[in-house]
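Colleague: Reading the sequence shown from the start, the letters are residues -6 to 505 in my numbering. I'd like to ask some things about the structure below.
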Amino acid sequence: MEWSGGLAERPGRGRRVLVVGGGIAGLGAAQRLRAHPAFSQLRVLEATARAGGRIRSERGFGGVLELGAHWIHGPSRGNPVFELAAEHRLLREKDLSEENQRMETGGHVGLPSVTYASSGVSVSRELVVETASLFHSLIDQAREFVRGAAAPAPSVGEYVRGALRALAAGWTDREDARRLRLALMHNFLNVECCVSGTHSMDLVALAPFGEYTVLPGLDCTFPGGYQGLTNHIMASLPEDMIIFNKPVKTIHWNGSFQEAASPGETFPVLVECEDGGCFPAHHVIVTVPLGFLKEHVDTFFEPPLPTEKADAIRKLGFGTNNKIFLEFEEPFWEPGCQHIQVVWEDMSPLEDVASQLQDVWFKKLIGFWVLPSFESVHVLCGFIAGLESEFMETLTDEEVLLSLTQVLRRVTGNARLPAPRSVLRSRWHSAPYTRGSYSYVAVGSTGEDIDRLARPLPEDGAEAQLQILFAGEATHRTFYSTTHGALLSGWREADRLIALQDPQAQLPGPQL
Ligand SMILES: Cc1cc2nc3c(=O)[nH]c(=O)nc-3n(C[C@H](O)[C@H](O)[C@H](O)COP(=O)(O)OP(=O)(O)OC[C@H]3O[C@@H](n4cnc5c(N)ncnc54)[C@H](O)[C@@H]3O)c2cc1C
């Protein structure tokens, strides 16, 4: 076994810290620690060949495609991702305006420009606006149970469906109009599945739902790619600080490890990599995704995690949301169209239909966003969550392209609609070091489980303190699932270590 892992040649004694994972949480933690003289021996171990993790922008179809994070949610002062992006001039002028920053969206996805139904007709704007407003009010009500009133159902989905069933009993529409209303509701629930990164809103716990905090500001994108942000953080770190293609296999803790290059020194933690390399350290900040932790919880830590923490990992939710990009030679949508909603008239939140995934997976796709500023091509970005999304990952590009061409021909009522020229998609569930998209508070768990996950180890050790610290989006109680939650969690753990070493240190903000 290689014990020194090459760290010992770094000058200066100080505390040796390893960060596992080079996403925005890990990079943020490394940047913060590097600014403090006590942490001269610092490395980031990243399993893959690139930094950024679930922030992943790729050049394609004549523009930038975001395979992971898409928007800054709540871009306003106080959101550290917005502030950093503004500082590095990565945003458009209009997205920096005070007016945009003041917008209160309630966290709801904006209205579609056009809504197509499966019978090949477009749905009236009036009905879409009315149904969206009803749906958003039910979601707002679902958030209120965090204030103490007893939650009348275990999940957000059951709550919304219960309320809807009661309302629908009073509808006096004709049968087809009533079906269309319910089909729209079904689509809005699927949108919410994409937002929460879950298969079904029946899996998302109702009582803690309102703990997730929505910041003001109209969601915005990065014209040059989200990864510009992580690239800036990377550029501030020494080149050899991140070790790529270095997947960690097991973190040994509560030990007394030594290395030949540092005689007389003992380290409480030893990080063992899949390639056999071993890195002794005083502290390790783990930022791997919850999906990875769920899959490896029994083997990733030695000794195993305390029962409460392992249970929190098992109970919290982590689901899949993927994107499917379609490239067209000519747009079939109107100029100015930003968002196309696709509604299946045979689907209703009040009925369960048992079907095979291969026959219906595409009905989970909520619709498409029109990507702006592409050169000579026209690109749509579809979103799909849940088991259907995971099934989509197992199909070939040709199969996905064929199914979506059929969907688009059907909903536009144009059997001759030219097929997209090509398709490109994310596959976050199959990614071995992610295993899904982002976290949510699942039925059977609470925000307390997020705090349990975030608590450093050993939990009771007054002497050997802060051996393993936990960061990453799933460890932020109010901003889980977001890039700003991830960044703040990385800063939080870096600050925790700095405060241990240097109680007088002035820690920079923001501390949301
Ligand atoms: C499709 C999609 C859309 C999204 N849209 C948005 C959005 O619009 N707005 C928003 O705010 N957020 C969005 N998110 C969520 C956001 O991308 C994440 O919350 C955030 O990037 C997570 O950062 P992180 O550092 O916690 O984790 P990650 O970015 O996942 O970083 C963890 C790193 O750990 C590495 N790793 C894993 N296992 C090991 C191991 N054993 N050894 C070493 N390294 C390991 C991984 O390779 C990865 O690089 C989206 C995510 C997805 C997937």
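Here a beta-carbon is modelled for each residue, glycine too, at the ideal position from N, C-alpha and C.
Between the region 171 to 188 and the region 121 to 137, are three or more C-beta pairs nearer than 8 Å?
Modeller: At 8 Å Cβ cutoff, the stretches touch.
Colleague: Answer yes or no: the CB of N314 versus the heavy atoms of ligand 1, is any distance below 6 Å?
Modeller: Yes, ligand 1 has a heavy atom inside 6 Å of this Cβ.
Colleague: Spatial neighbours of H81 within its chain, please: CB distance less than 8 Å, with the 5 preceding and 5 following residues excluded, ordered by chain position.
Modeller: The residues are G221, L222 and H225.
Colleague: Please report how far the alpha carbon of L493 lies from the alpha carbon of P261, in whole angstroms.
Modeller: Straight-line Cα distance between these residues: approximately 16 Å.
Colleague: Is the CB-CB distance between R9 and H245 below 7 Å?
Modeller: Against a cut-off of 7 Å, the Cβ pair of H245 and R9 comes out as no contact.
Colleague: For A303, I'd like the list of residues in its chain whose CB is within less than 6 Å of its CB, leaving aside the five on either flank, ordered along the chain.
Modeller: Once the five neighbours on either side are set aside, the close Cβ partners of A303 are V290.
Colleague: Extract the residue ranges of the alpha helix (DSSP H) inside the region 345 to 381, only unbroken runs of 4 or more that lie entirely within it.
Modeller: Counting only runs of 4 or more, we get 350 to 353.
Colleague: Quick check on the burial criterion: 16 or more other C-beta atoms within 10 angstroms. Buried or exposed for L68?
Modeller: Just to set this straight, residue 68 is Pro in the shown sequence, not Leu. P68 is buried by the Cβ-count criterion.
Colleague: With DSSP as the reference, label C186 as helix, strand or coil.
Modeller: Reduced to three states, the DSSP call for C186 is helix.
Colleague: Does the region 112 to 122 come within contact of the region 243 to 258, defined as at least 3 CB pairs closer than 8 Å?
Modeller: Judged by Cβ distances under 8 Å, the region 112 to 122 makes no contact with the region 243 to 258, as fewer than three pairs qualify.
Colleague: Starting from the C-beta of W164, find all residues in its chain whose C-beta is less than 8 Å away, skip the five residues before and the five after it, and write them out in chain order.
Modeller: Result list for W164: R171 and R174, in chain order.
Colleague: Whole angstroms are fine: how far does the CA of G375 sit from the CA of L58?
Modeller: L58 and G375: Cα-Cα distance of roughly 12 Å.
Colleague: Mind checking who Q512 pairs with in its DSSP beta bridge?
Modeller: No information on residue 512 is available, as it lies outside the stretch -6 to 505 that the chain covers here.
Colleague: Examine the Cβ distances between the region 195 to 210 and the region 228 to 236 and report whether three or more of them are shorter than 8 Å.
Modeller: They do not touch, by the three-pair rule.
Colleague: Is any heavy atom in ligand 1 found nearer than 6 Å to the beta carbon of T191?
Modeller: The answer is no for T191.
Colleague: Taking G150 as the reference, give the member of L343, T427 and R52 with the closest Cα.
Modeller: The residue with the shortest Cα to Cα distance from G150 is L343.
Colleague: Around the C-beta of S341, are 16 or more other C-beta atoms found within 10 angstroms, so that it is buried, or is it exposed?
Modeller: That one is buried.
Colleague: Would A464 and S438 be called neighbours here (beta carbons separated by less than 7 Å)?
Modeller: No, the Cβ-Cβ distance between A464 and S438 is not below 7 Å.
Colleague: Distance, Cα to Cα, A162 vs L199?
Modeller: So the alpha carbons of these two residues sit roughly 23 Å apart.
Colleague: Which whole-angstrom value describes the C-beta separation of V264 and V277, a residue pair presumed to lie in contact below a C-beta threshold of 8 Å?
Modeller: Indeed they touch by this definition, with Cβ atoms about 6 Å apart.
Colleague: Which residues in the same chain have their Cβ closer than 6 Å to the Cβ of G113, if we skip the five residues on either side of it in sequence?
Modeller: Once the five neighbours on either side are set aside, the close Cβ partners of G113 are G406.
Colleague: Can you tell me the Cα-Cα spacing of P4 and A23, whole angstroms?
Modeller: Because the pLDDT of P4 is 43, which lies under 50, any placement of that residue in the model is unreliable, and the question is left without a value.
Colleague: Between A44 and G21, how many whole angstroms is the CB-CB distance? I'm expecting something under 8 Å.
Modeller: Incorrect: roughly 12 Å between the Cβ atoms, too far for contact.
Colleague: Give the secondary structure of Q497 by DSSP, where H, G and I count as helix, E and B as strand, and everything else as coil.
Modeller: Looking at Q497 - three-state DSSP - the assignment turns out to be coil, as it is neither helix nor strand.
Colleague: Exposed or buried, what is A78 when buried is set at 16 or more other beta-carbons lying within 10 Å of its beta-carbon?
Modeller: With 16 or more Cβ atoms within 10 Å of its Cβ, A78 is classed as buried.
Colleague: How big is the Cα-Cα spacing for P201 and I443?
Modeller: Between P201 and I443, the C-alpha separation is close to 11 Å.
Colleague: Assign Y433 to one of three DSSP states: helix, strand, or coil.
Modeller: Strand, per DSSP.
Colleague: Entirely within the region 138 to 172 and at least 4 residues each: give me those alpha helix (DSSP H) ranges in chain order.
Modeller: List check, alpha helix (DSSP H) in window: 149 to 162.
Colleague: With a floor of 3 residues, list each beta strand (DSSP E) that falls wholly inside the region 281 to 317, ordered by position along the chain.
Modeller: Whole beta strand (DSSP E) segments, 3+ residues: 310 to 312.
Colleague: Whose C-alpha, out of L298, V353 and N93, is nearest the C-alpha of P451?
Modeller: Checked all of L298, V353 and N93; the closest Cα to P451 is L298.
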